[in-house]
Amino acid sequence: MENEGRKYWLSVAAFLVVFIAVVVTFSMFMQQTSNRIVSQTSQYVADAASQTAKLVGTFMQNTQKDIETIAALASEAPDTAAIATSEEWLRDVGETSPFDTIDFVDAAGMQHSSGREAVNVSDRTYYQRAMAGESGIECIFNTRLTHENLIYFYAPVREGADGPVIGLLLAHYSEERLTELLQGSFFGYESHVLLCLPTGEVVAASDGSLAGSNLLTDIVASALASGAAGDFERAFAEGKSATFTYTGTSGLGSACITPVAGLDWIILETFPSAATEQMINAANEGGWSALLVIVFVFVVVIVGIVVFNNRRHRRLTRSMKDRIDVQTGVGKLTERLALIDFDTDRFRYMSGPHTPNDPYELEGAYQHMIDRLEGLVVGDAAKREVCERFSREAIVNAMPPGVDNLGFEYLFDRGGDRTWEDINLICVERDDEGRPRRLVYTTQDVTVMKTREKQLQQAMEDSYHAAVAANNAKSDFLSRMSHDIRTPMNAIIGMTELARMSEGDPARVDDCLAKITLSSNHLLNLINEVLDLSMIESGRLVLSAGEVDLRALACEMETMFGSRCEDAGIALSVEMDAVAHPLVEADELRLQQVFINMLGNAVKFTGPGGAVKVRMGESPGRVEGTSDYEFVFCDTGCGMAPEFLEHVFEPFAREHDSRTERVEGTGLGLSIVQSIVSLMGGVIEVQSVPDAGTKFTVRLNLRHGAGESDDALPDAESAADALQGARVLLVEDNELNSEIAAALLESLGLAVECAFNGREALEVLDAAEPGHFDVVLMDIQMPVMNGLEATRAIRASERADLRALPVVVLSANAFAEDVQESKHAGADDHLSKPISVKDLAAALAAILG
């Protein structure tokens, strides 16, 4: 009985010791939490003080620059002294400046203010420094005039820009103005921020209550311990950044001092003690709850021991419950859980699905488990591997002391359902020699993870192949472009040499010039196609809404390709009798581009004796006011192979065989056409038979135009008459381009004057009489002043005739956003270089007609 009592009291004592240890540990935890929170708040306030110091320093420096600028302007005035002492001037400058007031101190030290009598300040430090040519900042407490605490900014005023000092400008801010800069808060609590002089006087405070007091003598001593106060004073005297802990009304708080950049002033910022206490309480809240729970558990356990005297039974019951809970939790994380005992050479499943489609022994000989795994894994190699890896000898060899886990992945087939499973063997007990004795066996379905791994691997392979394909495409593009650019360039250079050698043969020269023009247009089309493809790939191709006359477009295409087909012996026909609404809303330029590309391809790949046919059709659209238009382009040319039709709309796609090897082109036309048609909301289809011909069909749903179709051709004679005698100002910095443009304009009957940059153009226009010029042709990229700046200046001119003067921009920038930028600058039109005589004449006739 005595032995039992001793055990009882020993158990109680043990519980008490553990309880005390928990309380002590908890106290240490709370102290560490408090220290950690204080350390965090010290870092917070250090960062905040650094930012405040930078803000104040930048503000002071900028404000000092403002007073220096005003003083410099006053110095350059004809009668500096008279102006500076003028109350009206001081009042006006003070009202337009950021300062509260601006005063002037003359050489005798008399301070002149607007609305107040002059006072002698010759004993002030700022007066003495300013008269020595210095500028700076000084804080004055209890000033002589207003008895306020003010921040003075002073700068010397000279007689002339480099003359002697005749006085100084003295601007000030009241300390209330600085209060706004010093505002700060942490977690909803206002922070106290002080701006101090090196001697400790408080220049300004965030709450305005401490200005004029001394930080070192009046404030710090009451909040810091003597040792900390000494450290604070040393750091303050040395002008270094430092953080300290102080005792506030709510407990511990943190403070930081840091110097203001560019000044010898000091910023003191505090982290509110109330915020610190709130953070500590929040951090310790969970600890208090845990302590209460622990206390409660200990009380319950002790009471249970005293009342029921059945400690052993309760421990066993609780231990069993814990094991069941652990087993249940682990079972939820895994598909199957089993225990393996090498002493008995048996296994026992603790959890896992057991269905008719996947039967297995719940317990038995360990070899049966190996046989079962061998039957489930997929693949002969995997089956052999299971037999080898899961044998007792293999596991013992693979799990020396220090290695407690083995992992494997296999593909399982459970009744036709294939899954990837992760198998883990965990050693939970070893024998005296360190060999595994008991193990936990778990499986987990990782099919989703394996699928994602395969998808990721496939994506990486696809990215690699795409990069290789892109690199190959780039190389192929460079090779093609090199060939396609050099071909017309060779013709241009060669024909130029032949023309120079044939000066006495006009017919030969005309033939050379015609071929130079043809090659130049081919080169221009090549560049335009590459630019269009770049806009399409970058998503910058935008359609412009307008009205298009399909009949006029058909006539234009027939005129454009008629002579070419006639020379090549090709029959060209255009049919559009089935079109009831020829006037539609569309982007005329892009629709024309589609027709030109489709007809150009048809003519290029059709030989002599062949035929090219264009047919337009119309059917009612689903929406009122629209129609479904069908444009069919047929030819009897060489056709395309079926395997090439799959790639016909890909960029740079060209079929290489004997029928097409002599046909020039980049392979971009059809890709551009498909992109334009898709952007218009339509579709394009292709049918082709080798050696029989090709048929392209474009289908678009277009809204009917609001006007009426006009089949009349432009009156070229009236357009030419409109240009006769008109005076043009040509603004172009390139002399060769200027010479060419001037000659073309003069050939149209215009009088031309030249300027070589935007600034020179403005000077010519300002010097000219009103109405002297009828139009300005403006290049964009020029030195001194570019064309857009010059156009804006013309539109902002004080002269009404210049504001209304038409401006046409001539630019090598041909994208839609470039045209829009020209219009925003005030240009009436935008022509892209190279500019043909026809386009130039049409644009000028539209403006001047």
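Residues in the sequence shown are numbered consecutively from 1, following the UniProt record's numbering. Just so you know, even glycine gets a beta-carbon here, dropped at the ideal spot from N, CA and C.
Asked	Found
Nearest neighbour of L337, chosen from Y441, A843 and A365 [CA to CA]	Y441
Integer-rounded CB distance, given that V446 should sit under 8 Å from W420	5 Å
Sequence-distant residues of the same chain with beta carbon closer than 6 Å to S671, five excluded per side	F649 and P651
Per-residue burial, D413 [other beta carbons within 10 Å of its own, 16 or more giving buried]	exposed
Expected contact under 8 Å - CB spacing of N364 and R389 to nearest Å	Here residue 364 is Gly; the residue named in the question, Asn, does not match the sequence. G364 to R389, Cβ: 20 Å. No contact.
Range covered by the beta strand (DSSP E) that runs through T442	P436 to D445
Sequence-distant residues of the same chain with beta carbon closer than 8 Å to E746, five excluded per side	V752
Helix, strand or coil at T270 [DSSP, three-state]	strand
Proximity to F187 [Cα-Cα], best of Q128, L263, T258 and T41	T41
Given E624 as reference, the closest of I395, H581 and N490 once Cα atoms are compared	H581
Presumed contact (8 Å Cβ cut-off) between A755 and A761, rounded CB distance	4 Å
Through-space distance from L802 to V728, alpha-carbon basis	13 Å
Helix, strand or coil at N786 [DSSP, three-state]	coil
Helix, strand or coil at P156 [DSSP, three-state]	strand
For L744 and G844, the rounded distance between their alpha carbons	The amino acid at residue 844 is misidentified as Gly; the sequence shows Leu. Cα to Cα, L844 sits roughly 12 Å from L744.
Own chain residues within Cβ distance below 7 Å of H772, not counting five before or after	R727
Range covered by the alpha helix (DSSP H) that runs through D801	A800 to R803
Presumed contact (8 Å Cβ cut-off) between I267 and F236, rounded CB distance	Not a contact, Cβ separation roughly 11 Å.
Residue nearest to R177 in terms of C-alpha spacing, selected from F595, F59, A381 and L840	F59
With 16 other Cβ atoms within 10 Å as the buried cut-off, status of L16	exposed
Same chain only: Cβ atoms within 7 Å of S34, ignoring 5 sequence neighbours per side	I280
G826 beta carbon less than 8 Å from that of V784	no
Integer Cβ distance of V698 from V677, believed to fall under 8 Å	6 Å
CB of E233 within 8 Å of CB of S135, strictly	no
Three-state class that DSSP yields for P642 in the structure shown	helix
Residue interval of the beta strand (DSSP E) (run including R564)	It is not in any beta strand (DSSP E) - R564 instead sits in the alpha helix (DSSP H) that spans L550 to A568.
Residue(s) in a DSSP beta bridge with M131	For M131, which the question treats as bridged, DSSP gives no partner whatsoever.
T143 to G115 span [Cα, whole Å]	17 Å
Range covered by the beta strand (DSSP E) that runs through N120	R116 to N120
Segment limits, alpha helix (DSSP H) that includes S678	G669 to L679
Per DSSP, the bridge partner or partners of Q687	K695
Identified DSSP bridge partners for E433	According to DSSP, which records beta bridges pairwise, E433 is partnered with nothing at all.
Whole-number beta carbon distance between E269 and V45, since they are thought to touch under 8 Å	6 Å
Within the stretch 562–619, ranges of the alpha helix (DSSP H) (whole runs, at least 4 residues)	588–604
Residues bridged to P259 [DSSP beta-bridge criterion]	I266
Residue nearest to D207 in terms of C-alpha spacing, selected from G667, V293, V193 and V808	V193
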